[in-house]
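According to mature numbering (1 follows the signal peptide of the UniProt record, and there is no 0), the sequence shown holds residues -21 to -1, 1 to 203 in order.
Every residue gets a Cβ at the ideal spot worked out from N, C-alpha and C, and that includes glycine.
Notes follow once the structure below has been shown.
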Amino acid sequence: MKIPYSLLVALGTTHVVQVLADSCADPSQAVPVFRDFNHAVGDHFYTTNNTEYNAANSGGYFPEGPRFAVFPTAVSSTTHLIRLWNGDAADHFYTTNTSEANSGAAGGYTIESVTPMFVYSTQLCGSVPLYRSWSPTNRDHFYTTSATERDGETGYTFELIAGYVLPLASGSSSASGNVAVGTGGSTPGSASDSAPPPTNTNSSPRRSSRGTWLLSLLFICTVL
């Protein structure tokens, strides 16, 4: 017996929607990421930790408040947003690309395994792009979810989408307070022009195999 085309499409669409729903983590588990900026050394700093945030604010950084939300632990469909710090260049750097992180570590950056942040690998579950820009003058990596802010930062060049994060409305209202202070020191370091930025080994964040599988399933349903 032939199965009607409309039924095949309906079944396929229902299955894809269910898989997408199963891929979404509970947004109530997300925590806000706070942003600081040090005008003296030209460094943007991002953390989910209140203690670390307040220490930076007391050490020359200007508080810019919560900007977006991430997950403090690995949950469905997410990947680790690795944090690195270069004390000579006074630059904080965040990436989901392990090859890029290792390249940075070989070039003067230290991988910090504290205040873990996990982001979506692909845009799903109401997430938005986290844009990464670079200023060779300030030797500073800058991250924002605002395209207006991305395009309006003088001296910065957009590099790539670092991952996908939740808007603040989806996250909690306060930073986590139970994460250890960073290995780079509670107040990030001093400026220098000696250290190069990490090599950009990828023009876009890694895509999960699940995302590729979903695209394949949608294509099959369309053909049928």
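In the structure shown, Tyr88 falls within a coil segment according to DSSP collapsed to helix, strand and coil. Shown here for Gly39: same chain residues with a beta carbon closer than 8 angstroms to its own, the five before and five after excluded, namely Asn17, Ala19, Val20 and Thr166 in chain order. In the DSSP secondary-structure assignment, Asn29 is not bridged to any residue. In the three-state reduction of the DSSP assignment, Asn36 falls in the helix class. Just measuring C-alpha positions, the residue of Ile140, Ser78 and Ile90 sitting nearest Val98 is Ile140. Each of Asn33, Leu145, Gly86 and Thr26 was checked against the Cα of Thr94, and the nearest Cα belongs to Thr26. Following the DSSP letters along the chain, one finds Asp130 inside the alpha helix (DSSP H) bounded by residues Ala126 to Gly131.
At the C-beta level, Tyr122 and His23 come within 9 angstroms of one another. Within the model, the alpha-carbon separation for Asp67 versus Thr74 is close to 19 angstroms. With a contact defined as Cβ atoms closer than 8 angstroms, Ser112 and Arg129 qualify at about 6 angstroms. One thing to note: Arg46 has its Cβ no nearer than 9 angstroms to the Cβ of Thr136.
Per DSSP, the beta bridge partners of Leu145 are Ala48. For the options Cys3, Tyr32 and Ser2, the alpha carbon positioned closest to that of Pro11 is the one of Tyr32. Counted as a single uninterrupted DSSP element, the beta strand (DSSP E) harbouring Arg14 occupies residues Val10 to Asn17. Asp5 is positioned such that its CB atom lies no closer than 9 angstroms to that of Val49. Shortest Cα-Cα distance from Tyr143 to any of Gly131, Asp119 and Val107 involves Val107. The three-state secondary structure of Ser114, taken from DSSP, is strand. In summary, Phe13 is buried, with 16 or more beta-carbon neighbours lying within 10 Å of its beta-carbon over all protein chains present.
Assignment of Asn81 by DSSP, reduced to helix, strand and coil, places it in the helix class. In this structure, the alpha-carbon of Asn29 lies about 15 angstroms from that of Ala9. Assigned with DSSP and collapsed to three states, Pro42 falls in strand. Across the structure, Gly134 and Leu63 are spaced so that their CA atoms are roughly 22 angstroms apart. When Glu79, Phe72 and Gly105 are compared, the shortest CA-CA separation from Pro146 is found for Gly105.
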